[in-house]
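J.:
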Amino acid sequence: MTVNVRIPSVLRNLTAGQETIAVAAQTVDEAINALEARHPGIKARLCDDAGKLRRFVNVFVAEEDIRFLDGQRTAVKDGDLIDIVPAIAGGCGRAPAIGGAARAAG
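Converting from the sequence shown to this note's numbering requires adding 32 to each position, the first position being numbered 1.
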């Protein structure tokens, strides 16, 4: 079955700029391996040496987070969309008050 994998912009240098790639797969893991076969080096950016998704890589199948499904063994259906979403970090840790001044709770 064919599924579509949406590639985040930070990884498109590995896919010749392609945003969405169709691959034959029955699970998320098979889709990652199919991506690697066509675009060598992408799996190393997504997975650790043991083949497990890196903790800062989030994957969704049909808008469902695979961490709450069967992880990389999550089954996919023909036409499903797999979204790869790298986590974004940064910031100062606390949000500034609206308008620049602290407001009292009340």
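Where a beta carbon is used, it is the ideal one built from N, C-alpha and C, also for glycine.
Quick check: the Cα distance between PRO118 and PRO40, rounded to an integer number of angstroms?
T.: Distance from the CA of PRO118 to the CA of PRO40, rounded to the nearest whole angstrom, comes to 7 Å.
J.: Based on DSSP bridge pairs, tell me the residues matched to ASP115.
T.: ARG38 and PHE92
J.: Which same chain residues end up closer than 7 Å to HIS71 when comparing Cβ atoms and leaving out the 5 residues on each side of it in sequence?
T.: LEU46 and THR47
J.: I'd like to know whether the C-beta atoms of VAL108 and VAL42 end up nearer to each other than 8 Å.
T.: no
J.: Just the C-alpha distance for ILE120 and PHE92, rounded to the nearest angstrom, thanks.
T.: 16 Å
J.: Less than 8 Å between the beta carbons of ASP80 and ASN90, yes or no?
T.: no
J.: Relative to the C-alpha of ASP102, which candidate in VAL55, ASP61 and GLN50 has its C-alpha closest?
T.: ASP61
J.: Which ranges does the beta strand (DSSP E) cover as unbroken runs of at least 3 residues, wholly within the stretch 39-78, from first to last along the chain?
T.: 52-56
J.: In chain order, what residues of the same chain lie with their CB nearer than 8 Å to the CB of ASP112, ignoring the 5 residues before and after it?
T.: Around ASP112: VAL35, ASN36, VAL93 and ALA94.
J.: Rounded to a whole number of angstroms, what is the C-alpha to C-alpha distance between ARG44 and GLN58?
T.: 23 Å
J.: Here's a check: name, in chain order, each residue in its chain whose Cβ is nearer than 8 Å to the Cβ of ALA76, leaving out the five neighbours to either side.
T.: none
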